[in-house]
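Peer 1: Take a look at this one; I'll ask things after.
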Amino acid sequence: MERLERGNYYRKVILNMQKSAEVILAERRRTESIGVPSITEKGGVADEGRKL
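All residue numbers for the sequence shown refer to my numbering, where the first residue is 35 and numbers rise by one.
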């Protein structure tokens, strides 16, 4: 039973991570569509983890 509970826990964690990523991407698209540059365009960390 413990293995099943752990599996459910990890599934919930992954779903929450996916939801967070979707929210971040939606917000980035929204701000860029209205002309506000994203932070990554001003020297932040790019999606691949390298500096722009």
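Even glycine gets a Cβ: it sits at the ideal position worked out from N, Cα and C. Just so it is clear, the structure is predicted and the values come from calculations on it, not from any experiment.
1) For the alpha helix (DSSP H) containing I30, list its first residue and its last residue.
2) Quick one: Cα of E56 to Cα of E36, how far?
3) How long is the line joining the alpha carbons of K45 and K53, rounded to whole angstroms?
Peer 2: Working from what's here:
1) Residue 30 falls outside the range modelled here, since the chain spans only 35 to 86, and no answer is possible.
2) Counted from its first residue, the sequence shown places residue 56 at position 22. Counted from its first residue, the sequence shown places residue 36 at position 2. Computed Cα separation, rounded: 30 angstroms.
3) Numbered from 1 along the sequence shown, position 11 holds the residue referred to as residue 45. Numbered from 1 along the sequence shown, position 19 holds the residue referred to as residue 53. For clarity, residue 45 is Arg in the given sequence; the question names Lys instead. Rounded to the nearest angstrom, the two C-alpha atoms are 12 angstroms apart.
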